[in-house]
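**Q** Mapping of the sequence shown onto this note's numbering: position 298 corresponds to residue 377, and the numbering continues sequentially without gaps. Note that the Cβ used here is the ideal one computed from N, Cα and C, for glycine as well. Owing to the predicted nature of the structure, the values given are computational and were not obtained by experimental measurement.
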Amino acid sequence: MSDKLNQMQDSHAGFVQKERTAQEQEVRSSHTQWWDVRCLVSVNNTDGVVSDESCAEQTRIAAETGIRKAAELLQAGETVAFPTETVYGLGADARSTKAVEAVFAAKGRPSDNPLIVHISDADQLEGMVAKINDTARALINMFWPGPLTLVLPVVPQALSSRVTAGLDTVGVRMPDHPIALRLIAEAGCPLAAPSANRSGRPSPTLAQHVREDLEGRIGGILDGGPTGVGLESTVVQAGDDGTVTILRPGGVTAEQLAAVARAVVLDPALAATPGEDADSPAPRSPGMKYTHYAPRGRLSVVQGPSSVEVTGWIRAALAEASARGERTAVLAFDEHAAGYAGERVYTLGKLDALHEAAQRLYGVLRRCDEDGVTYILAESCPPKGLGDAVMNRLLKAAGHRIVRL
Numbered sequence: 080m081s082d083k084l085n086q087m088q089d090s091h092a093g094f095v096q097k098e099r100t101a102q103e104q105e106v107r108s109s110h111t112q113w114w115d116v117r118c119l120v121s122v123n124n125t126d127g128v129v130s131d132e133s134c135a136e137q138t139r140i141a142a143e144t145g146i147r148k149a150a151e152l153l154q155a156g157e158t159v160a161f162p163t164e165t166v167y168g169l170g171a172d173a174r175s176t177k178a179v180e181a182v183f184a185a186k187g188r189p190s191d192n193p194l195i196v197h198i199s200d201a202d203q204l205e206g207m208v209a210k211i212n213d214t215a216r217a218l219i220n221m222f223w224p225g226p227l228t229l230v231l232p233v234v235p236q237a238l239s240s241r242v243t244a245g246l247d248t249v250g251v252r253m254p255d256h257p258i259a260l261r262l263i264a265e266a267g268c269p270l271a272a273p274s275a276n277r278s279g280r281p282s283p284t285l286a287q288h289v290r291e292d293l294e295g296r297i298g299g300i301l302d303g304g305p306t307g308v309g310l311e312s313t314v315v316q317a318g319d320d321g322t323v324t325i326l327r328p329g330g331v332t333a334e335q336l337a338a339v340a341r342a343v344v345l346d347p348a349l350a351a352t353p354g355e356d357a358d359s360p361a362p363r364s365p366g367m368k369y370t371h372y373a374p375r376g377r378l379s380v381v382q383g384p385s386s387v388e389v390t391g392w393i394r395a396a397l398a399e400a401s402a403r404g405e406r407t408a409v410l411a412f413d414e415h416a417a418g419y420a421g422e423r424v425y426t427l428g429k430l431d432a433l434h435e436a437a438q439r440l441y442g443v444l445r446r447c448d449e450d451g452v453t454y455i456l457a458e459s460c461p462p463k464g465l466g467d468a469v470m471n472r473l474l475k476a477a478g479h480r481i482v483r484l
């Protein structure tokens, strides 16, 4: 075990996030507007309309006004964070280079990382994408609105080149969230909207997470309460032959895609450690090239032949880390949490209900930061179904540090 530990240990200074660039500091303004629109979100009504009994008239009017004001900011070239069913997005008019550049500046996002465009109606695809083949059309009919992004050929000059990172394709999705759909429709433009966090940080699943990362750097925040899925959308490219290639796993699983596609394959880049050098090719999808979702402490994922061996190794490793002065924690599933008695344990939910891990993961990583944790070990889960997306995000958060027993 000590050999594995030696491979994993660096000075704590190497684990702390780098200071933000001067460019990022320059975009900080004095105030970010905040609108509470939670009363317009209803888990019971598919159209998002809440009855008078659950939403007082005055509160509803204030929320409606908030959406209109947020839309006006977007129309003026400003940036606004808003909830979707996956995570909070940071929106800007996808047609305006100046507006899109404000997104990159606020996030500190690499310029060759493309942005996903969000629409509220499939008719908005007209004039934006050059072609939708039969497989892509079937996916749209099956999964929109929802957590599925389609990479499609873009019409030249229909969008800012900063959105596509110079590629001839664009990722598009229709979010399944009443606030997102109403905001896009009110703004009257497609929104380029990556996750509303500082680049590399865990994605935001609460409006407060957005405030922690971007207060003073963006125009406004629409607080729609907690998001549902908790992980970003699945990104796919549909071939003319009926094959669907997964570029990023997410809320729509490979098994679900197989109901529509002739075949479902994973992009080879998903199996490789992302390259960080500036000369590597531009990624076709967000999340393919750079480290993402990382807590400030050092995170590693532990895999082994049995839960007993994994639990034993993690307990010993945490004890050694604690003895050298680290503040330690373990990310565990409910079935194994009791095996870490006396340790700082953040539970991810049940292994047979991985939607819980998807909902909790980013919040747990932020909790690690809030608690000052410097050394984190995480259990793994089977990479099937939603487990593909959970493991993808865990490994990216860990910088692909894996301990194999």
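Sorted by chain position, which residues of the same chain lie with C-beta nearer than 6 Å to TYR167's C-beta, five sequence neighbours on each side aside?
**A** The residue you call residue 167 lines up with position 88 of the sequence shown. So the list reads ALA160, ALA275, PRO283 and VAL289, once near-sequence residues are dropped.
**Q** Comparing C-alpha positions only, which one of ALA432, LEU246, ARG216 and VAL443 sits nearest to PRO461?
**A** Sequence index remark: in the sequence shown, residue 461 carries index 382 (1-based). The candidate whose alpha carbon is nearest that of PRO461 is ALA432.
**Q** Please report how far the alpha carbon of ASN471 lies from the alpha carbon of VAL331, in whole angstroms.
**A** Indexing the sequence shown from 1 puts residue 471 at position 392. Indexing the sequence shown from 1 puts residue 331 at position 252. In a straight line, the C-alpha of ASN471 is about 14 Å away from that of VAL331.
**Q** Do LEU194 and ALA271 have their C-beta atoms closer together than 9 Å?
**A** Against the sequence shown, residue 194 aligns to sequence position 115. Against the sequence shown, residue 271 aligns to sequence position 192. Yes, they are a contact pair.
**Q** What is the DSSP secondary structure of ARG147, reduced to helix, strand or coil?
**A** To locate residue 147, count along the sequence shown from 1; it is residue 68. The answer is helix: DSSP assigns ARG147 an H, G or I state.
**Q** State the start and end residues of the unbroken alpha helix (DSSP H) segment that holds GLY170.
**A** As a position in the sequence shown, residue 170 is number 91, starting the count at 1. First-last for GLY170: 168-172, but that is the beta strand (DSSP E), not the alpha helix (DSSP H).
**Q** Could you tell me the boundaries of the alpha helix (DSSP H) in which HIS288 lies?
**A** As a first step, residue 288 must be located in the sequence shown, where it is residue number 209. Per DSSP, HIS288 belongs to the alpha helix (DSSP H) from 286-293.
**Q** Which of the three DSSP states is assigned to ALA477 in this structure?
**A** By 1-based counting over the sequence shown, the position of residue 477 is 398. Three-state DSSP puts ALA477 in coil, outside helix and strand.
**Q** Give me, in chain order, the residues of the same chain whose beta-carbon lies closer than 6 Å to that of MET253; leave out the 5 immediate sequence neighbours on both sides.
**A** Taking the first residue of the sequence shown as position 1, residue 253 is located at position 174. Excluding residues within five positions, the ones whose Cβ falls inside 6 Å are ILE198, TRP223 and PRO224.
**Q** Evaluate the contact criterion for the region 164-180 versus the region 302-312: three or more CB pairs, one atom per stretch, below 8 Å.
**A** Because the criterion of three Cβ pairs below 8 Å is met, the region 164-180 and the region 302-312 touch.
**Q** GLU311: beta carbon under 8 Å from a heavy atom of the ligand FMN?
**A** This structure does not include the ligand FMN; it has no bound ligands of any sort.
**Q** Pick out whichever of CYS447, ARG261 and VAL452 has its Cα sitting closest to the Cα of THR144.
**A** Translated into positions along the sequence shown, residue 144 becomes position 65. Of CYS447, ARG261 and VAL452, the residue nearest in Cα terms is ARG261.
**Q** In three-state terms, what does DSSP make of ASP467?
**A** Residue 467 sits at position 388 when you count from the first residue of the sequence shown. Correct three-state label for ASP467: helix.
**Q** Take ARG188 as the anchor and find which of THR243, ASP213 and SER278 has the nearest alpha-carbon.
**A** In the sequence shown, counting from the first residue as 1, residue 188 sits at position 109. Here the closest residue by C-alpha is SER278.
**Q** Which term fits SER385, buried or exposed, when burial requires 16 or more other beta carbons within 10 angstroms of its beta carbon?
**A** On the sequence shown, position 306 is the one that residue 385 refers to. Exposed, because fewer than 16 other Cβ atoms sit within 10 Å of the Cβ of SER385.
**Q** Alpha carbons only, please: which of GLN137, ASN220 and ARG174 is nearest the one belonging to SER239?
**A** On the sequence shown, position 160 is the one that residue 239 refers to. Selected option, being the one with the closest Cα: ARG174.
**Q** My output table needs one value for GLN550: the three-state DSSP class, helix, strand or coil.
**A** Any property of residue 550 remains undetermined from this structure, which presents the chain solely from 80 to 484.
**Q** Alpha carbon to alpha carbon, how far is ARG117 from ALA142?
**A** For the purposes of this step, residue 117 is identified with residue 38 of the sequence shown, where counting begins at 1. For the purposes of this step, residue 142 is identified with residue 63 of the sequence shown, where counting begins at 1. Straight-line Cα distance between these residues: approximately 8 Å.
**Q** Going by beta carbon distance, what residues of the same chain come within less than 6 Å of TRP114, once the five residues before and after it are set aside?
**A** The sequence position of residue 114 within the sequence shown is 35, counting from 1. Result list for TRP114: GLY145 and LEU301, in chain order.
**Q** Counting C-beta neighbours from all protein chains within 10 Å, is the total for GLN236 16 or more, i.e. buried, or is it exposed?
**A** Taking the sequence shown and counting its residues from 1, the one referred to as residue 236 is at position 157. Exposed is the call here.
**Q** Taking the alpha carbon of LYS475 as the reference point, which residue from ARG296, ILE393, ALA420 and ARG377 has its own alpha carbon closest?
**A** For the purposes of this step, residue 475 is taken as residue 396 along the sequence shown, with counting starting at 1. Measuring from the Cα of LYS475, the nearest candidate turns out to be ARG377.
**Q** Have a look at THR138 and ILE258 and give me their C-alpha separation to the nearest angstrom.
**A** Here residue 138 corresponds to residue number 59 of the sequence shown, with the count starting at 1. Here residue 258 corresponds to residue number 179 of the sequence shown, with the count starting at 1. If I take the Cα positions, the gap works out to 15 Å.
**Q** Give the DSSP bridge partners of GLU334, in chain order.
**A** If you number the sequence shown from 1, residue 334 lands on position 255. Per DSSP, none; premise fails for GLU334.
**Q** Going by DSSP, what residue range makes up the alpha helix (DSSP H) through ALA259?
**A** Walking along the sequence shown from the start, residue 259 turns up at place 180. Taken as a continuous stretch (DSSP letters only), the alpha helix (DSSP H) holding ALA259 covers 257-266.
**Q** Around the C-beta of LEU345, are 16 or more other C-beta atoms found within 10 angstroms, so that it is buried, or is it exposed?
**A** For the purposes of this step, residue 345 is taken as the residue at position 266 of the sequence shown. When all chains shown are included, LEU345 counts as exposed.
**Q** Could you please give the first and the last residue of the uninterrupted alpha helix (DSSP H) stretch that includes PHE222?
**A** The residue labelled residue 222 in the question sits at position 143 within the sequence shown. Where PHE222 is concerned, the enclosing alpha helix (DSSP H) stretches over 213-222.
**Q** Inspect the CB distances between the region 414-421 and the region 442-457 and report whether three or more fall short of 8 Å.
**A** Because the criterion of three Cβ pairs below 8 Å is not met, the region 414-421 and the region 442-457 do not touch.
**Q** Only counting the same chain, and skipping five residues up and downstream in sequence, which positions put a Cβ closer than 7 Å to that of VAL343?
**A** Here residue 343 refers to the residue found at position 264 when the sequence shown is read from its first residue. Only VAL323, ILE325, ALA333, LEU336 and ALA337 meet the Cβ criterion.
**Q** Name the residue from VAL120, GLN154, LEU169 and MET207 whose alpha carbon lies nearest to the alpha carbon of VAL249.
**A** The residue you call residue 249 lines up with position 170 of the sequence shown. It is MET207.
**Q** Do VAL381 and ALA468 have their C-beta atoms within less than 9 Å of each other?
**A** Translated into positions along the sequence shown, residue 381 becomes position 302. Translated into positions along the sequence shown, residue 468 becomes position 389. Result no, Cβ atoms of VAL381 and ALA468 do not sit closer than 9 Å.
**Q** Report the rounded CA-to-CA distance for GLY295 versus THR111, giving the unit in angstroms.
**A** Here residue 295 refers to the residue found at position 216 when the sequence shown is read from its first residue. Here residue 111 refers to the residue found at position 32 when the sequence shown is read from its first residue. Taking the straight line from one Cα to the other gives about 5 Å.
**Q** Hey, would you say THR407 sits closer than 9 Å to ILE481, going by beta carbons?
**A** To locate residue 407, count along the sequence shown from 1; it is residue 328. To locate residue 481, count along the sequence shown from 1; it is residue 402. For THR407 and ILE481, no; Cβs fall outside 9 Å.
**Q** Considering HIS415, what are the terminal residues of the alpha helix (DSSP H) in which it resides?
**A** Within the sequence shown, residue 415 is the residue found at index 336, counting from 1. Unbroken run through HIS415: none, as it is neither H nor E.
**Q** Since ALA264 and SER379 should fall inside the 8 Å C-beta cutoff, what is the C-beta to C-beta distance between them, to a whole number of angstroms?
**A** For the purposes of this step, residue 264 is identified with residue 185 of the sequence shown, where counting begins at 1. For the purposes of this step, residue 379 is identified with residue 300 of the sequence shown, where counting begins at 1. Going by Cβ atoms, the distance from ALA264 to SER379 rounds to 44 Å, so no, they are not a contact pair.
**Q** Which first and last residues belong to the alpha helix (DSSP H) in which ALA436 is found?
**A** Residue numbering aside, residue 436 sits at position 357 when the sequence shown is read from its first letter. 433-449 is the span of the alpha helix (DSSP H), which, as asked, contains ALA436.
**Q** Could you compute how far the alpha carbon of ILE219 sits from the alpha carbon of LEU397?
**A** Against the sequence shown, residue 219 aligns to sequence position 140. Against the sequence shown, residue 397 aligns to sequence position 318. If I take the Cα positions, the gap works out to 46 Å.
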